[in-house]
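Numbering (numbering that gives the first Met the number 0), first residue to last: 0 to 501.
All C-beta atoms in this analysis are idealised placements derived from N, C-alpha and C, irrespective of residue type, glycine included.
Quantities reported herein were computed from a predicted structural model and do not represent experimental measurements.
In what follows, a single structure is set out as C-alpha cells and then discussed.
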Amino acid sequence: MPIHSASSPISVPDVDLWSFLFERTVLEYPEDHAIFVDLSNGKRHTFQSLRQTSIETGRGLLTKWSWQKGDIMAIFSPNSADIGAIVTATLWAGGVVCPINNLYTVGELSSLLRSSGAKALTTHVSCLDAAREAALIVGLPLNRIILVGEPDVKGKARHFEELREEREVVGKVRVDPKEDLAFLGSDAERDAMNWRDDSMISFLPMFHIYGIAALIFIPIYKGVTMHIMQRFDLEQFLSSIQTYKVTIAYVVPPIVLLLAKHPLIDRFDLSSLRILHSAAAPLTHDLIEMIYSRLKIPIKQSYGMSEAAPAISTQKTADWNNPVGSVGKLVPSMSLKIVSNGSEVPVGQEGEICLRGPNIFKGYYQNPPQRRKRSPMAGSAAGTSELIKYNGFQVAPAQLEGLLLGHPAVDDVAVIGVYNRQRATELPRAYVVPSKGYEAGENLEKEIRAWLEGRVAPHKRLRGGVRFVETIPKSTTGKVLRRILVEQVKLEEEEGKVPSKL
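Structure below.
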C-alpha cells in the first residue's frame, strides 16, 4: 500500500530533550539574550538564567522531595514565563510533565491528577484554591503544590523558587531518549527565523501542545524572544506588537477573525509583523483572504496533534497562499496515507489519516489497547472524527453525553460539533430526548445548559445550543450515529432552517 512521505528525512539526535536544548556544543545566540518575556509582570528569562534555574530547581526536586525518575509533575496554571523553568527543571530531574487546562473544574482536575498519578502540582495563585481542593480529593500532599508567577501572600503554598538548591549535591538524572517519557499531553516551524531580527508573541495556552511547542521550545532552540501573554487581550496584543516590534505572532482562527474585523486594529501600528502562524483548527479561504486584504500580512498554517509531538505538516512563508487554505507539506521523516475500511482512498475522497514517523508517540498512558484500536499502522497515529474542536481545544462528545444523562430531564442524548462561520470554530451542541414529565423548550434548554456549565471547563459548554428530538439515531448495537445528526445539520443549513425536531 503506497505511503506518501516527506522528501527530506532527518536524523533524530540520540539525546534527551533537556540535553538537546541546553548542552549544545554551538549556541547560535548569546546566553544573556532574553528568550521569555512575561507581559503580565515583566519577568524575563535568558538562556543562561533559565538553564541555571532549571538545574537548581531540579536539584531541589531530587534532594528535598526525594523525586524519582519517571515521577509526574502536573502543571495547572495560566501562562507564565516561569512555566518554562518548571518544565525544564522537571526534565532535568528525570520527571514527566503533565500540562492541564487551568480552566478545568475541581472534578476535572482531580480526575486527571488521579489518572496521571501526579506526584506534584505546579499552579498559580489564581488557581490555588481549586488545586488544593483537587489535591485533597486524590490524596496529593498539599506541600507538594508549588507556585509560578506571583507568590501567595496568604502562605498556602510555596513558590517554586524556594525549591532551588544551589549546592552541586546531585547531578542530572540519566534518561533513555528512546524509551523514557517526557510529556503527558492532555489533548514546527521550518522557516528561517533569526534571534537578531525576529521576536514573537502569543497567548496560546501553555498546557496545549501548540502552546508548548511555540511558547517554550521554539524560543529556547532558536533564541527568538517570545512575549508571553497570560491570557488573550486584544488591546494588549496589539500594543505589544507595536511596542516590541514583534515580527511573528502565533494565533488561532477565532483570533484571526477578530483581527480581520475589529475596529481597534486601526489604532495600532502592526507594520513590524511579517507573518501570522495559525494552527489548532483550520482556516477558511474567506478568512485568509479577509485578513490579508486588511493587514497585508501573510498567514501560514500548520497541522499537528499531541500524538505527533506535535508537528505533521506546515507551510513555508513563501507558500502561504499556494494554495490558499493548505496546511503545507509534511515535516521531514513523516509519512501519511488516508484510508477507509483498511484501503487507501483515491485523491479527493475523505478517509482516516494515518501517520508514521519518529515523532509519533509510543501510546496512550496506561492504556495500550486504546493505541492499538486507533493506530492501524505500526508506529503510527490515526485521527478520529468524533472529537469536537472548539477554538483549538478538543471536546469529547462521549464525556458530555455521560454528564448530561445525569440530568433528570435527559432521557437520551447525543453531542456533535456544529461549525459556526461567524466564530470560525465548531461549537458543541446536544440533541436531547426529554424525560417524561419535562416540556421541551427554551426554559428547559437554559436549565440544561446552565447545569452542565457548572460541571465542565468553559470550552466544553453547549455553545451550539440544545435541540430536542424524539429519538437519537443509533446502530443495531446501540452506538450513537452522530454522522446522521451532522448530515441533518448540513441539510438544515442548506434549507435555511433549524427545526426543533428531527
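Where residue i falls: helix, strand or coil (DSSP)
{"i": "R113", "result": "helix"}
{"i": "S292", "result": "helix"}
{"i": "N419", "result": "strand"}
{"i": "I471", "result": "coil"}
{"i": "Y209", "result": "helix"}
{"i": "E343", "result": "strand"}
{"i": "E351", "result": "strand"}
{"i": "V255", "result": "helix"}
{"i": "A280", "result": "coil"}
{"i": "G477", "result": "coil"}
{"i": "G401", "result": "helix"}
{"i": "K299", "result": "strand"}
{"i": "E22", "result": "coil"}
{"i": "Q550", "result": "Since the displayed the chain opens at 0 and closes at 501, residue 550 lies outside it and no answer follows."}
{"i": "T224", "result": "strand"}
{"i": "E486", "result": "helix"}
{"i": "Q393", "result": "strand"}
{"i": "L214", "result": "helix"}
{"i": "I311", "result": "strand"}
{"i": "R266", "result": "helix"}
{"i": "D411", "result": "strand"}
Euclidean distance between Cα positions of residue i and residue j
{"i": "A213", "j": "L480", "result": "37 angstroms"}
{"i": "N390", "j": "E165", "result": "42 angstroms"}
{"i": "I247", "j": "N321", "result": "20 angstroms"}
{"i": "F202", "j": "Y249", "result": "8 angstroms"}
{"i": "Q314", "j": "T424", "result": "21 angstroms"}
{"i": "A308", "j": "S342", "result": "26 angstroms"}
{"i": "A187", "j": "A133", "result": "Unreliable positioning characterises A187 in this predicted model, as indicated by a pLDDT of 43, which lies under 50. The coordinate reading is nonetheless provided below. Their backbone Cα atoms lie some 34 angstroms apart in a straight line."}
{"i": "T87", "j": "L257", "result": "34 angstroms"}
{"i": "Q51", "j": "L108", "result": "31 angstroms"}
{"i": "R428", "j": "G463", "result": "4 angstroms"}
{"i": "E400", "j": "I471", "result": "12 angstroms"}
{"i": "A381", "j": "K68", "result": "Low confidence applies here, because A381 scores a pLDDT of 41, under 50, leaving its location unreliable and the question unanswered by this model."}
{"i": "K171", "j": "G94", "result": "11 angstroms"}
{"i": "Y209", "j": "P98", "result": "12 angstroms"}
{"i": "A156", "j": "I145", "result": "6 angstroms"}
{"i": "A581", "j": "S339", "result": "Past the boundaries of the shown model lies residue 581; the chain is included only from 0 to 501, so the question cannot be answered."}
{"i": "R113", "j": "S198", "result": "39 angstroms"}
{"i": "V323", "j": "D179", "result": "40 angstroms"}
{"i": "G57", "j": "R163", "result": "7 angstroms"}
{"i": "A317", "j": "M192", "result": "13 angstroms"}
{"i": "M376", "j": "L282", "result": "Because M376 sits at a pLDDT of 31, beneath the cut-off of 50, its placement in the model cannot be relied upon, and the following sentence gives the value as read from the coordinates. Whole-angstrom Cα-Cα distance: 29 angstroms."}
{"i": "F216", "j": "Y364", "result": "23 angstroms"}
{"i": "L354", "j": "E161", "result": "43 angstroms"}
{"i": "A408", "j": "I415", "result": "19 angstroms"}
{"i": "E167", "j": "T62", "result": "11 angstroms"}
{"i": "G436", "j": "P77", "result": "43 angstroms"}
{"i": "D31", "j": "D285", "result": "43 angstroms"}
{"i": "R266", "j": "S39", "result": "22 angstroms"}
{"i": "L139", "j": "L111", "result": "12 angstroms"}
{"i": "V174", "j": "G477", "result": "46 angstroms"}
{"i": "S65", "j": "A84", "result": "19 angstroms"}
{"i": "H406", "j": "L461", "result": "14 angstroms"}
{"i": "P176", "j": "K328", "result": "27 angstroms"}
{"i": "N142", "j": "F159", "result": "11 angstroms"}
Beta-carbon proximity list for residue i, same chain, < 6 angstroms, skipping 5 on both sides
{"i": "V326", "result": "Q300, Y302, S312"}
{"i": "F392", "result": "H458"}
{"i": "R454", "result": "L402"}
{"i": "R293", "result": "A259"}
{"i": "D70", "result": "G94, K118"}
{"i": "R43", "result": "A33, V36"}
{"i": "V465", "result": "A429, V431, E444, I447"}
Cβ shell of residue i (< 7 angstroms), same chain only, five flanking positions each side left out
{"i": "D502", "result": "Here the chain comprises residues numbered 0 to 501, so residue 502 is not present and cannot be evaluated."}
{"i": "A413", "result": "E400, Y430, I471, V479, R481, L484"}
{"i": "R420", "result": "none"}
{"i": "A395", "result": "L386"}
{"i": "R371", "result": "Note that R371 scores 43 on pLDDT, short of 50, meaning its location in the model is unreliable and no value can be drawn from it."}
{"i": "S434", "result": "P407, A408, V409, D410"}
Supposed close pair residue i, residue j - CB separation, criterion 8 angstroms
{"i": "S277", "j": "V245", "result": "In fact, because the Cβ distance is near 16 angstroms, the residues do not count as touching under 8 angstroms."}
{"i": "L426", "j": "V417", "result": "6 angstroms"}
{"i": "A439", "j": "F467", "result": "4 angstroms"}
{"i": "I274", "j": "I296", "result": "7 angstroms"}
{"i": "T104", "j": "V96", "result": "Wrong, their Cβ atoms sit about 22 angstroms apart, outside the cutoff."}
{"i": "M333", "j": "G356", "result": "4 angstroms"}
{"i": "I287", "j": "L20", "result": "Not quite, the Cβ-Cβ distance comes to about 33 angstroms (not below 8 angstroms), so this is no contact."}
{"i": "C126", "j": "N101", "result": "5 angstroms"}
{"i": "F75", "j": "L120", "result": "6 angstroms"}
Proximal residues to residue i (C-beta, below 8 angstroms), its chain only, five neighbours per side dropped
{"i": "L26", "result": "F46, G222"}
Whole alpha helix (DSSP H) runs in the stretch 30-99 with 4 or more residues, listed along the chain? 46-63, 81-91
Ignoring anything shorter than 4 residues, give me the alpha helix (DSSP H) runs that lie fully in the stretch 94-176, in order along the chain. 105-115, 127-137
Tell me the start and end of each unbroken alpha helix (DSSP H) in the stretch 436-462 that is at least 4 residues and wholly inside, in chain order. 441-452
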